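Chemist: For what it's worth, our numbering labels the leading residue of the sequence shown as 1, then goes sequentially.
All C-beta atoms, glycine included, are put in the ideal place defined by N, C-alpha and C.
On a predicted model such as this, the values are computed, not experimentally measured, just so you know.
Dropping the structure in here first, questions after.
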Amino acid sequence: MASCLAEGKTVITNAAREPEIIDLQKFLNRMGAKIVGAGTDIIEITGVNQLKDVSYTIMPDRIEAGTFLCAGAITGGKIKIDNVMPDHIIPIINKLEEAGCKMEIEKKSIVLEAPKKLKSIDVKTMPYPGFPTDMQSILVSTLALAKGTSVVIENIFENRFKYIQELTRMGAKITTEGKTAIIKGTRKIYGTRVMATDLRGGAALILAGLVAKGTTEVQNIKYVLRGYEKIDEKLNSLGAKIIYKEGE
1 MASCLAEGKT VITNAAREPE IIDLQKFLNR MGAKIVGAGT DIIEITGVNQ
51 LKDVSYTIMP DRIEAGTFLC AGAITGGKIK IDNVMPDHII PIINKLEEAG
101 CKMEIEKKSI VLEAPKKLKS IDVKTMPYPG FPTDMQSILV STLALAKGTS
151 VVIENIFENR FKYIQELTRM GAKITTEGKT AIIKGTRKIY GTRVMATDLR
201 GGAALILAGL VAKGTTEVQN IKYVLRGYEK IDEKLNSLGA KIIYKEGE
């Protein structure tokens with residue numbers, strides 16, 4: 001973004017390849033920028049004198065879509081996600097299918113039908129187009145009630161297992177060794193008061209609360225609201241019973 005109005009050419013090497021980078025390039029080029037290479041590891045920006053006003057519709061949020069698919073999976077339900085780009089979440093789709101979910105995939109929608117009991121799976125987070133690190137905690141939560149033992153390896157970010165302590169307080173059987181989380185599926189987890197330590201970890205606790213026996217209270221919810229618009233209303237429309245208390 002800074003390079004769009006810089007004098008001369010700027011080259012970014014080792015660039016991220018996520019679809020959001022391509023979408024940003026499309027948006028800025030629509031405004032008059034000169035950018036090529038988004039979606040590869042080398043992006044070249046030729047500076048221009050000014051940018052113009054435009055109207056632009058951003059791409060759907062692939063992590064939000066993956067989160068709601070996992071909500072359907074963890075509850076053993078059936079869910080349809082509209083306004084989604086299936087090509088952007090292929091690793092998520094593949095892992096949920098591996099866990100036993102049935103998928104009907106169309107151009108901009110996905111229907112997921114979950115089994116009564118998910119199967120255990122192994123997952124490694126990787127840079128795009130691999131399994132996204134932002135879905136790691138959400139998938140770990142989803143696998144807490146799966147049959148068997150799952151292994152999840154976090155290859156991108158350190159300290160992304162903070163939420164696991166909160167899940168274990170709900171009765172999940174999860175241990176960590178370095179960058180590896182080992183999830184032994186259990187029959188039940190139980191509602192209690194837990195603390196969101198980050199955006200995705202907070203979402204993972206909400207999903208756990210959907211299937212926990214009793215009432216789950218997720219505190220520090222400000223992290224979750226930063227990345228999910230009206231998550232309580234959307235889940236309630238599917239049959240969840242969530243009460244959002246502002247300021248908590």
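1) Using 10 angstroms around the beta-carbon of G8, count the other beta-carbons present and answer buried if the total reaches 16, otherwise exposed.
2) Tell me the DSSP secondary structure of E20 in three-state form.
3) Reducing DSSP to helix, strand and coil, say where S237 ends up.
4) Excluding the five sequence neighbours on either side, which residues of its own chain have a C-beta within less than 6 Å of the C-beta of G227, listed in chain order?
5) Between A146 and the rest of its own chain, which residues show a CB-CB distance below 8 Å, the 5 nearest in sequence each way excluded?
6) Quick check on the burial criterion: 16 or more other C-beta atoms within 10 angstroms. Buried or exposed for D82?
7) Quick one: is G76 near chain C, going by C-beta distance under 7 Å?
8) Tell me whether the beta-carbon of I43 lies closer than 7 Å to the beta-carbon of I12.
9) From Q25 to G191, what does the alpha carbon distance come to, in whole angstroms?
10) Taking I21 as the reference, which of M1, A6, L5, M103 has the closest Cα?
11) Expressed to the nearest angstrom, what Euclidean distance is found between the alpha-carbon atoms of Y223 and M195?
12) Taking Cβ positions, are E158 and Q136 nearer each other than 7 Å?
13) Considering only the beta carbon of each residue, do S150 and A208 sit closer than 7 Å?
14) Sort R160, K179, A181, K188 by Cα distance to M170 and report the nearest one.
15) With DSSP as the reference, please indicate the residues paired to Q255 in a beta bridge.
16) Would you please state the rounded distance, in angstroms, between the beta carbons of G201 and Y163? I believe it to be under 8 Å.
17) Just how far apart, CA to CA, sit G77 and A114?
18) Which one or two residues does DSSP pair with I105 in a beta bridge?
19) What is the rounded straight-line gap between the Cα of T216 and the Cα of E104?
Modeler: Taking the structure as given:
1) Taking the first residue of the sequence shown as 1, we reach residue 8 at position 8. Its Cβ having fewer than 16 others within 10 Å, G8 is exposed.
2) On the sequence shown, residue 20 is found 20 positions in, with the first residue counted as 1. Note: E20 maps to helix in three-state DSSP.
3) As a position in the sequence shown, residue 237 is number 237, starting the count at 1. Three-state DSSP puts S237 in coil, outside helix and strand.
4) Taking the sequence shown and counting its residues from 1, the one referred to as residue 227 is at position 227. Once the five neighbours on either side are set aside, the close Cβ partners of G227 are L199.
5) The sequence position of residue 146 within the sequence shown is 146, counting from 1. Contacts found: A99, K117, L118, K119, S120, I121, I183, G185.
6) As a working mapping, residue 82 is identified with position 82 in the sequence shown. That one is exposed.
7) The structure shown contains no chain C; it holds only a single protein chain.
8) Translated into the one-based positions of the sequence shown, residue 43 becomes position 43. Translated into the one-based positions of the sequence shown, residue 12 becomes position 12. Cβ distance < 7 Å, so I43 and I12 count as in contact.
9) Here residue 25 is taken as the residue at index 25 of the sequence shown, counted from 1. Here residue 191 is taken as the residue at index 191 of the sequence shown, counted from 1. Cα-Cα distance, rounded: 44 Å.
10) Locating residue 21 in the sequence shown gives position 21, where the first residue counts as 1. Checking every option, the nearest Cα to that of I21 belongs to M1.
11) The count along the sequence shown starts at 1 and reaches residue 223 at position 223. The count along the sequence shown starts at 1 and reaches residue 195 at position 195. Approximately 10 Å between the Cα atoms of the pair.
12) Translated into the one-based positions of the sequence shown, residue 158 becomes position 158. Translated into the one-based positions of the sequence shown, residue 136 becomes position 136. Not a contact, by the Cβ cut-off of 7 Å.
13) As a first step, residue 150 is located in the sequence shown; it is residue number 150 there, counting from the start. As a first step, residue 208 is located in the sequence shown; it is residue number 208 there, counting from the start. Their beta carbons are not under 7 Å apart, which means S150 does not touch A208 by this criterion.
14) Here the question's residue 170 lines up with position 170 in the sequence shown. Comparing Cα-Cα distances from M170 to each of R160, K179, A181, K188, the minimum goes to K188.
15) There is simply no residue 255 to check, as the chain begins at 1 and stops at 248 in what is shown.
16) In the sequence shown, counting from the first residue as 1, residue 201 sits at position 201. In the sequence shown, counting from the first residue as 1, residue 163 sits at position 163. Going by Cβ atoms, the distance from G201 to Y163 rounds to 3 Å, so yes, they are a contact pair.
17) Position 77 of the sequence shown holds residue 77. Position 114 of the sequence shown holds residue 114. Looking at the two C-alpha atoms, the distance is approximately 5 Å.
18) Sequence index remark: in the sequence shown, residue 105 carries index 105 (1-based). DSSP output for I105 lists I110 as bridge partner(s).
19) Within the sequence shown, residue 216 is the residue found at index 216, counting from 1. Within the sequence shown, residue 104 is the residue found at index 104, counting from 1. Looking at the two C-alpha atoms, the distance is approximately 32 Å.
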